[in-house]
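>
Protein chains in written order, with our numbering: chain X, 118 to 131; chain R, 40 to 296.
1) Decide yes or no for the touch test of the stretch 174 to 183 of chain R against the stretch 92 to 104 of chain R: beta carbon pairs closer than 8 Å, at least 3 of them.
2) Take residue 136 of chain R as the anchor and find which of R:160, R:120 and R:124 has the nearest alpha-carbon.
3) Would you kindly work out how many angstroms separate the C-alpha atoms of residue 124 of chain X and residue 76 of chain R, rounded to a whole number?
4) Which stretch, first to last residue, makes up the alpha helix (DSSP H) that contains residue 89 of chain R?
5) Name the chain X residues whose beta carbon is nearer than 7 Å to that of residue 247 of chain R?
6) Below 7 Å on C-beta distance, what does residue 196 of chain R contact in chain X?
7) Report the residue from R:216, R:138 and R:276 whose alpha carbon sits nearest the alpha carbon of residue 108 of chain R.
8) Whole angstroms are fine: how far does the CA of residue 127 of chain X sit from the CA of residue 218 of chain R?
9) For residue 261 of chain R, which of helix, strand or coil comes out of DSSP?
10) Kindly indicate the opening and closing residues of the alpha helix (DSSP H) around residue 62 of chain R.
11) At which residue ranges does the stretch 224 to 293 of chain R contain complete alpha helix (DSSP H) runs of 4 or more residues, listed in the order of the chain?
12) Over the uninterrupted alpha helix (DSSP H) stretch that includes residue 182 of chain R, give me the two end residues.
13) Between which two residues does the alpha helix (DSSP H) containing residue 115 of chain R stretch?
14) Run through DSSP, which three-state label would residue 130 of chain R get?
15) Suppose you measure from the CA of residue 273 of chain R to the CA of residue 148 of chain R; what does that come to, to the nearest Å?
16) Output yes if chain X places a C-beta closer than 8 Å to the C-beta of residue 167 of chain R; else output no.
17) Can you say whether residue 130 of chain X is buried or exposed, counting buried as having 16 or more other CB atoms within 10 angstroms of its CB?
18) Output needed for residue 152 of chain R: all residues of its chain with C-beta closer than 6 Å, excluding positions within five of it in sequence on either side, in chain order.
19) Any Cβ of chain X within less than 8 Å of the Cβ of residue 214 of chain R?
This is how it looks when you write it as structure tokens:
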């Protein structure tokens with residue numbers, strides 16, 4: 118099965 | 040203060056309609072380059088980035104940065120009061136507590152005016168890095184919407200695989216499996232039906248169809264949609280609007296075990 122990634126893994130808070 | 044006049048209320052009505060199910064409370068960040076919006080869904084899996092360039096408005100005036108914190112359900116209620124062809128003017132003072140919307144009907148002499156109370160929304164802003172995508176697919180937005188809806192009937196996830204042969208949307212679920220394969224295609228009479236695939240290296244990623252179907256609510260805004268993919272980075276789904284304005288959706292991929 119696959120699990121859903123999260124945007125914080127890819128985009129940093131400004 | 041802000042004064043932004045849109046020839047047709049339809050543009051803002053459609054943009055808000057496309058994002059209101061994904062995000063609830065948003066800051067419309069107004070500055071001299073236009074009106075921008077960035078917001079994530081509650082699970083921080085999807086992000087919407089809207090930019091309405093000042094050129095989309097005439098006139099456009101914003102002499103200092105203003106953040107308009109607006110609940111999209113409230114905005115939807117007020118935008119419903121505007122006819123598609125109405126001229127829409129947004130106005131706000133500096134440090135405003137309301138945003139003023141004026142709808143003028145082109146032919147009949149009707150002028151409607153609404154104020155929406157603003158909210159204080161301290162939203163974290165994400166930095167979206169400029170990305171050289173491994174694969175870029177431009178295709179009819181209606182076709183992408185159909186593919187997502189069709190495959191969502193079989194599975195909650197879709198794998199998107201780009202090779203030099205073309206792009207393959209594939210899924211499998213309890214009842215079986217399905218796939219749609221597209222190759223670059225040029226329609227001379229109707230370029231809006233073109234499928235263009237630019238590939239620098241093969242890409243294969245898996246995404247939630249629930250979110251993609253949600254993004255496709257924006258299909259009425261643009262005849263074409265652009266999908267940008269690179270391994271290990273969020274998918275970009277972009278609906279280009281006039282005057283270099285845009286409505287972009289980013290979706291984090293599903294990570295296989």
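Backbone N, C-alpha and C fix where the C-beta goes; we use that ideal spot for every residue, glycine too.
Per the coordinate set shown:
1) Because the criterion of three Cβ pairs below 8 Å is not met, the stretch 174 to 183 of chain R and the stretch 92 to 104 of chain R do not touch.
2) Looking up residue 136 of chain R in the second chain gives position 97. Selected option, being the one with the closest Cα: R:160.
3) The residue given as residue 124 of chain X occupies position 7 in the first chain. The residue given as residue 76 of chain R occupies position 37 in the second chain. About 17 Å.
4) Stepping through the second chain from its first residue, residue 89 of chain R is reached at position 50. Run containing residue 89 of chain R: none in the alpha helix (DSSP H); it sits in the beta strand (DSSP E), 85 to 92.
5) For the purposes of this step, residue 247 of chain R is taken as residue 208 along the second chain, with counting starting at 1. What residue 247 of chain R touches in chain X: 121.
6) Working through the second chain from its first residue, we reach residue 196 of chain R at position 157. Those within 7 Å of residue 196 of chain R in chain X are 119.
7) Numbered from 1 along the second chain, position 69 holds the residue referred to as residue 108 of chain R. The residue with the shortest Cα to Cα distance from residue 108 of chain R is R:138.
8) Here residue 218 of chain R is taken as the residue at index 179 of the second chain, counted from 1. Here residue 127 of chain X is taken as the residue at index 10 of the first chain, counted from 1. So the two alpha carbons sit approximately 28 Å from each other.
9) Here residue 261 of chain R refers to the residue found at position 222 when the second chain is read from its first residue. Correct three-state label for residue 261 of chain R: coil.
10) Sequence index remark: in the second chain, residue 62 of chain R carries index 23 (1-based). Per DSSP, residue 62 of chain R belongs to no alpha helix (DSSP H) and is neither H nor E.
11) As far as the stretch 224 to 293 of chain R is concerned, its whole alpha helix (DSSP H) runs of at least 4 residues are 248 to 254.
12) Sequence index remark: in the second chain, residue 182 of chain R carries index 143 (1-based). That run of the alpha helix (DSSP H) goes 180 to 191.
13) The sequence position of residue 115 of chain R within the second chain is 76, counting from 1. Residues 111 to 118.
14) Your numbering for residue 130 of chain R matches position 91 in the second chain. Reduced to three states, the DSSP call for residue 130 of chain R is strand.
15) What you label residue 273 of chain R is simply residue 234 of the second chain in a count that begins at 1. What you label residue 148 of chain R is simply residue 109 of the second chain in a count that begins at 1. In this structure, the straight-line span from the alpha carbon of residue 273 of chain R to that of residue 148 of chain R is close to 48 Å.
16) Sequence index remark: in the second chain, residue 167 of chain R carries index 128 (1-based). For residue 167 of chain R, the answer is yes, since a Cβ of chain X falls inside 8 Å of its Cβ.
17) Numbered from 1 along the first chain, position 13 holds the residue referred to as residue 130 of chain X. Its Cβ having fewer than 16 others within 10 Å, residue 130 of chain X is exposed.
18) Here residue 152 of chain R refers to the residue found at position 113 of the second chain. Closer than 6 Å at Cβ, skipping near neighbours: 141.
19) For the purposes of this step, residue 214 of chain R is identified with residue 175 of the second chain, where counting begins at 1. Not an interface residue.
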